[in-house]
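For reference, the structure is listed below as structure tokens.
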Amino acid sequence: MFSVKPLKPTFKSYLPPVQADATSHPQPTINKLEAKLLAGEIVVNEANFVRKCIGADSGHGDLWGKLICTNFKISFITQETLRQQKFQYVNQLLGVHDIPLACVGQVVAVNGTKGKRKVLRSNQKLKFSPTELLVHCKDFRIVRFRFDEAGPESAKKVCLAIAHYAQPSDPQLLFGFEYVGERPHGPHGPSGDQANGVDPGAARGRPPSLSAHLPEYFVVPASLADSDLKQFSGFFTAQRLPLWCWNHQNGSALVRMASIRDPAQHRKLDQRICNAVTMSHPKRGDVLKADLDRSLPSIQDVQAAFVRLRQICVIEPFEESEEKWLSSMESCRWLEYVRAFLKQSAEVVYMLEGEQASVILQEDEGRDLSCVVSSLVQLILDAHFRSLTGFQSLVQKEWVMAGHRFLDRCNHLKKSSKEESPLFLLFLDCVWQLMDQYPSAFQFTDTYLTVLSDSMWIPVFSTFLFNCPRQRAEHSRDFAQMWDWSQQFTLKDQALFNSPLYVGKSASCVQKGAVKTFRCTKKNYSSTLRAGPSLKTQPREAPEGPSDRFSRAWFSRPADPRGLLLPQLLPSHLRLWRLYFLRWVAEAQIPRGGPVAALHKLSLLAGEIETLRGQLLLRQHHQGAAPRRLGPRHPAAPRAPRDPLAPEYVTSSFPFSPVGPNLCRRGVLDTPLSKFLGGGGKVWLSTETIATETI
Amino acid sequence: MIERVLEQEEVITQVLAADNKINRHLVPTWHIDVLKSVDKALSPLLEFTDALSVQNTKKIRNRRLNRCFRASRESLKMEPLADVPLLPGEERVIDKDIIYMCPFSGALKGKVFITNYRLFFKSADMDPAVTLNVPLGAINRVEKMGGASSRGENSYGLDITCKDVRNLRFALKQEGHSRRDIFEILFRYAFPLSHGLPLFAFLSQEKFEENGWNSYSPMQEFRRQGLPNDKWRITFLNQSYELCDTYPTILMVPYKATEEDLRKVATFRSRCRIPVLSWIHPDNLAAITRCSQPLVGMSGKRNKDDERYLDIIRETNGTTSKLTIFDARPNVNAVANKATGGGYEGDDAYQNAELVFLDIHNIHVMRESLKKLKDIVYPNVEESHWLSSLESTHWLEHIKLVLSGAIQVADKISSGNSVVVHCSDGWDRTAQLTSLAMLMLDSYYRTLRGFQVLLEKEWISFGHKFASRIGHGDKNHADADRSPIFVQFIDCVWQMTKQFPTAFEFNEHLLVTVLDHLYSCRYGTFLYNCESVRDANEVRTKTISLWSLINSDQTSYINPFYAAESSRVLYPVASMRHLELWVTYYIRWNPRIRQQQQSPVEQRYKELLALRDQYLKKLEELQLSDSTPHLANSTAPSSASPTQRVTHLHTPF
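These protein sequence lines map, in sequence, to chains A and B. So in the UniProt record's numbering, spot 544 of the first sequence is number 544, and the numbers just go up one at a time. So in the UniProt record's numbering, spot 58 of the second sequence is number 58, and the numbers just go up one at a time.
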């Protein structure tokens, strides 16, 4: 399958100026390298003597190895280890250099000498021999392989195989169906699909089989009988009946609902539902509707923003894009959309908390934008969802069980890019913004959010693989659940999910804090917004509305990380989620810097406290028995050197490290910076590549 | 009329004087009544001050008037400001009912208090009350808004522009020239130097445990750097500012250069600011030297002494490679400076040197940039096109250029090459570059005390023109010499602290405090343009140093995450991907954001530290109670300090 013949002389000339150590590496042992396969995984194609590009153009530091395409991943196997790579955050299902096929966004074959370049699709032909393969990943990585010394045929074959297998046409071709790995868990999520513990009192469970896209059990207002539901369901888009999400202690409820298709029925049905929701309110509070389709960007808008964001972050050359970085960020509109979703959620929160009104989130099918808004609203109002288990149950409840179309939105089948939209990532970005503003309120870290997003691209788990619970149930009775993190990460690596800043949650605090805040401010609110049926964001120069006053009053008081957390919505206070979007960009890394340096110190302290707590408990247990045994040094604690400094491998991208450059390489002479460096030119020395660049 | 008023004045003065003698313990309500009557009596007086000055009785009457003011002021002094205690030496001047035109909450009725140090406003009927506490030094400009006949509600009043990125508007009743007195008092006390009054720093009676003037001693700092050595010596040539009136008295120069050489070099450098040492690398002995531009001029003059002097500097650490001259300016600006007699080191004249232009723009560009920034953040943050508006201010771009310039300096030094840094005069961009490079290279400057030394040395002693750039107590708000160069530098430091949260001993609060007192005129630290003027005004004896305040209670300025690293060179990433607008400084007045005294992460860390100490204490107690029935001295826990006993649990790192 692969050629081990000596190279034809014609290929020699294609080589760029080769550095001594780059050529000295091809080892005969490459042939013997074997792919590590999961159960059910098979090798489709492979090529030897492939170079994975690490350094800049020079080829300095590149790795030699074998490129393998399986039915699950693109694997690169090498015996060499990366320089300066002392820490590896490895997904146990994947090797260091592996890319799951589901993560592949685009496969580009390049022939450097002929200047040819082709984006490969499934079942396509390639008329030139590729010298390079570029894999654009959905997680913002761009990986580059060179075939200088691999045979042209085997290079072509492996490229085509990758292109083909990365774009399956049928869900059955997704690797999850072949995977016969650990399946210790049933399809049921961790308590997620049930109500979140708050008993709405006026709501109850309903039997299924109304809509194919609804979960098996869901909660509706008690005043609606089953017969009503059956009758109504046909009038809603995709037969999606209203779903109860969450209740405030004051009785106001958050409900999500699809739009009513039949115009003839619209008014009547709408009235009926609203009345039913009002009936469920202990104080018969008002019902307000938020028309998400009108107030928020569409899924296509979000996708377009995402594509542009990726362009700016990883595809455009680093230095050249510096000058216009801010305006490019603006014109890609990603942050604007993040802000729009947060703002909409804050408005809904004001309605629930300040106005004590129930809110119905209305959206055409009620399974895209409303997933984002309903989960954000709950995250802002309820500290339970800011814990790890709480957050997982929130995702399970508002996304997975509520039928967010992961299969289509992730475009796992690469069928229609119209349906593709990174709404879940957008949601995680919104969560990150909240976390950035209130770091001690969340039990999890942004590393957690990042790997959660990455898990979408590992089609072993059913969680993010299907469009609705029914499809999931039909296809995957014994698929693995993603929430069992031990399948992907060791316990030690999972420790990075826990934020050392977290203050914990206490239910009583939530209630007291929340109820107090709105009560004392209640009288200030006019009823202007009650009249308007839909919540629309207010124009900027408008006089301060009641919700503005609500948030201003809230901001003037100290925040309780266990209570209500309103996002700061000024555009100046929303930031790019650098860990996610820039983690693979070598030039953007701050060596031994970034927020993680402080977190590192914090986690050391948290460790100390944990040890002391253990000692204390142990002591209290054995009090009086044998005090000497419990000397100052706890036996369980390793004798780590007391080095408070962040280790060398900690960078602003920690725990990820860019393996290989993105396309945006730092050139020395062709940058705008060099212009002002005068004739000398070589003066500019990058900060982090000082070690690798030889100047 | 005038006569009658003056008669009244006599009486009031007498009443008040008697008042002060006898009734020191007056009930406040009564007191306020007195003040109100004084106020009432004085307001017509003020109306006639102009008329009075024309008269030949001017002198006498003015004296009477002043006496009257003083008397009223003394009685005002007795009542503290609404919430804030007065500083020792601070005196109340006037109170007035006023409407604060809050850009966020609308018109707020309340009372304004003006002292010789601050303007304080408290709203009457808001809960929580809206307050303003503005040091008068932060005021850039006071304007009258609207006239006696202007229509519309609240259109008559005062418009105050501040140096700390905010504007204040007050409205008054249109009747009876009600704003004249407050305008004149504000104008007088906000710009004391323009009115022959002393700056508040000279009136302050604050007392601190530590004398901050001792925080920097040039000799001690040179000794810390291992100087003088066999290549560098101290010269006292500038002892009485003969060589250069904007330099400090003690200078570090190459050992080989004679005093005569220095004098000759001085003739060829703008304002005689010759290249002198700022910092030396402890291992490779590469030195950062700073100076002003050479006086090359249109004709391309050369000076053999200057050329030789730079070559001596190059040789000091024994390297054979070229000396790098960093000219902070853009190339074109350097060329343009030839027209005014300046210029840059030409290739042919300085053969052992390479010249690098760093493209940093001049003070006027920076001033305009910050002005634009202010426009988009105050009072409202530009919402619809925030990022492109931010980009069009170029503020972050300038930050980037300054930082990357400093990175290049630090990088050259690290690799063993000495550098010379200059711009035009060597007191703006040069100070930014040398101090930032030193901050990157030397961890000492990243400590709280080291940072003070850095500011005292590179900025204050080397004559950054604080008085001209900030315009302390000066009414000429449009002065072209004003520029936020120092603010920009502090912003760069903040960017570094953001990128390396554990590398600095001080926190953001220190940086904000430094900037607040850059304007406040409460401390002498940032007053005047250079050492010689500071000496002439006896700043060290007559005012208090800002470092007295800081060092007497350091806790709130300490970064709890600090981890000392002696030999690490910090290279921040000078990329727009990491540079951020310092919102907690520039947007701190906006009520739509959370006002945080402390970053939540810092706060949490301190909580955890307290928790740890609590556990340690409990453990210790338990151990004590356990060990008493056994051998008393077997496991005396007190012998081991808490920190020694702490062991580490594994962490994911």
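For each residue, glycine too, the CB sits at the ideal point set by N, CA and C. Just so you know, these numbers come straight off a predicted model, no measurement behind them.
- Interface criterion not met: the Cβ of Glu316(A) is under 7 Å from no Cβ in chain B.
- Taking a 10 Å sphere around the C-beta of Ala437(B), we find 16 or more other C-beta atoms and assign the residue as buried.
- Contact between Ile587(B) and Ser572(A) holds: their C-beta atoms lie close to 6 Å from each other, under 8 Å.
- For secondary structure counted as the beta strand (DSSP E) over 3 or more consecutive residues, the region 98-160 of chain B holds these complete runs in sequence order: 106-115, 118-123, 131-135, 139-145.
- Against chain A, the CB of Lys618(B) has a partner CB under 7 Å away; the residue lies at that interface.
- By the criterion of a C-beta distance shorter than 8 Å, Asp493(A) is surrounded in its chain by Tyr89, Val90, Pro655, once the five residues flanking it on both sides are discounted.
- Residue range 132-137 is occupied by the beta strand (DSSP E) that includes His136(A), with no alpha helix (DSSP H) assigned at that position.
- By the C-beta criterion, the region 515-523 of chain B is judged to be in contact with the region 197-207 of chain B, since at least 3 inter-stretch pairs fall below 8 Å.
- Annotation for Lys157(A): Asn45 place their beta carbon closer than 7 Å to its own, counting only its chain and skipping 5 residues before and after.
- In terms of Cα proximity to Asn71(A), the closest of Thr113(A), His412(A), Ala166(A) is Ala166(A).
- In this structure, the CA atom of Thr246(B) is about 52 Å from the CA atom of Arg308(A).
- The beta carbon of Pro501(B) lies closer than 6 Å to those of Phe561 in the same chain, with the five residues before and after it left out.
- Separation of Ser345(A) and Thr445(A) (C-alpha to C-alpha, rounded to the nearest whole angstrom) is 22 Å.
- Closest option to Tyr117(B), judged by alpha-carbon separation, among Ile99(B), Val93(B), Ala107(B), Lys111(B): Val93(B).
- At least 7 Å separates the CB of Lys343(A) from every CB of chain B.
- Here DSSP, grouped into helix, strand and coil, assigns Val514(B) to helix.
- Considering only beta carbons, the part of the region 493-527 of chain B lying closer than 7 Å to chain A consists of Gln499, Phe500, Pro501, Thr502, in chain order.
- When C-alpha distances from Val253(B) are compared across Arg290(B), Asn352(B), Arg534(B), the shortest belongs to Arg290(B).
- At the C-beta level, Thr525(B) and Leu546(B) come within 7 Å of one another.
- In its chain, beyond the 5 residues on either side, Ser548, Ser552 have a beta carbon closer than 6 Å to the beta carbon of Phe208(B).
- Excluding residues up to 5 positions away in sequence, Pro103 lie with their Cβ nearer than 6 Å to the Cβ of Pro379(B) in the same chain.
- For His195(B), the three-state secondary structure derived from DSSP is helix.
- Fewer than three Cβ pairs drawn from the region 316-335 of chain A and the region 383-402 of chain A lie within less than 8 Å of each other, which leaves the two stretches out of contact.
- At least one CB atom of chain B sits nearer than 7 Å to the CB of Gly593(A).
- Taking C-beta atoms as the reference points, Ser388(B) and Glu216(A) fail to come closer than 7 Å.
- The three-state secondary structure of Pro591(A), taken from DSSP, is strand.
- About 5 Å separates the Cβ atoms of Thr430(B) and Cys423(B), confirming a contact at the 8 Å cut-off.
- Interface criterion not met: the Cβ of Pro275(B) is under 7 Å from no Cβ in chain A.
- Against Met576(B), the close residues of chain A are Glu322, Trp325, Leu326, in the order they occur along the chain (beta-carbon pairs closer than 7 Å).
- Taking 7 Å as the CB threshold, Gln568(A) lines the interface with chain B.
- A Cβ-Cβ contact shorter than 7 Å links Leu379(A) with Phe385(A).
- Judged by DSSP in its simplified three-state form, Phe49(A) adopts strand.
- When Val539(B), Gly405(B), Asp428(B), Ser278(B) are compared, the shortest CA-CA separation from Pro484(B) is found for Asp428(B).
- A residue is called buried once 16 or more other Cβ atoms fall within 10 Å of its Cβ, and Asp347(B), having fewer, is exposed.
- Beta-bridge partners assigned by DSSP to Lys66(A): Ile77(A).
- Counting along the chain, Leu323(B) sits inside the beta strand (DSSP E) bounded by residues 323-327.
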